[in-house]
Structure formats: C-alpha cells, structure tokens
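Written out below as structure tokens is the structure these notes cover.
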Amino acid sequence: MSTLSEVEIAERLATAGRWQRGDRHTIVLELKFDDFAAAISFVNRVAEVAEQANHHPDILIHGWNKVRLELSTHSEGGLTDADFALAGRIERLL
Numbered sequence: 170m171s172t173l174s175e176v177e178i179a180e181r182l183a184t185a186g187r188w189q190r191g192d193r194h195t196i197v198l199e200l201k202f203d204d205f206a207a208a209i210s211f212v213n214r215v216a217e218v219a220e221q222a223n224h225h226p227d228i229l230i231h232g233w234n235k236v237r238l239e240l241s242t243h244s245e246g247g248l249t250d251a252d253f254a255l256a257g258r259i260e261r262l263l
C-alpha cells in the first residue's frame, strides 16, 4: 500500500464528511456528544469497525463528552486508502 499524494488527499477529504486534515500525516474527526455515556458508546462502535478493518485510529476521550479520532497508516508513514476507507465506515456510524 502506498501513501496518497496531496491532491489525492484533498480529493478524498472533499467527500469525507466531517473529517479534516490533521498534521501532514493524519486526518482527524472531532465530535461532541450529549454525555459521557454517549461518547463511550460511540468509541465502542468505532472499536468494532476498526477491528473488522484491522486498522486502528488513535482515540482521545476528553472533557466529559468529546472524542477525537486520528487516522494514519503508521507503517507507511502517511495517509493511505485504508485511512479513508475506515473514515467512511466511521462516518456511517454517526
């Protein structure tokens, strides 16, 4: 699997829903939920699809109701099709 070019990343972000560019090597999703339980429930659903895809985001639960997800293909040193495929699956959970 190879990393995506800047043009490919921009094209995919245009249709990636709420995902935004993080640093040079990541895409990021920031969400706010009604309460802590809803945030944890969402994280558990993300964990299920991440396990199925064998591709795992960095997950930060902060505040009492906020979740930040970061995707990158660390083994490739950047963003790949796998990141955007998982981002799409996560977007469908919302």
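Residue numbers (our numbering): 170 to 263. A virtual CB, placed ideally from N, CA and C, is assigned to each residue, including glycine.
{"Check": "How big is the Cα-Cα spacing for E245 and N234?", "Outcome": "32 angstroms"}
{"Check": "Do three or more CB pairs link the segment 223 to 243 to the segment 196 to 211 at distances below 8 angstroms?", "Outcome": "yes"}
{"Check": "Would you kindly work out how many angstroms separate the C-alpha atoms of R181 and S241, rounded to a whole number?", "Outcome": "14 angstroms"}
{"Check": "For Q189 and V197, what's the separation of their Cα atoms in angstroms?", "Outcome": "5 angstroms"}
{"Check": "Considering only C-alpha positions, which residue in the set T249, Q221, K201 and E220 is nearest to H194?", "Outcome": "T249"}
{"Check": "Could you tell me which of I259, L263 and M170 sits nearest to A216, measuring between CA atoms?", "Outcome": "I259"}
{"Check": "Roughly how many angstroms separate the alpha carbons of D192 and E239, rounded to a whole number?", "Outcome": "10 angstroms"}
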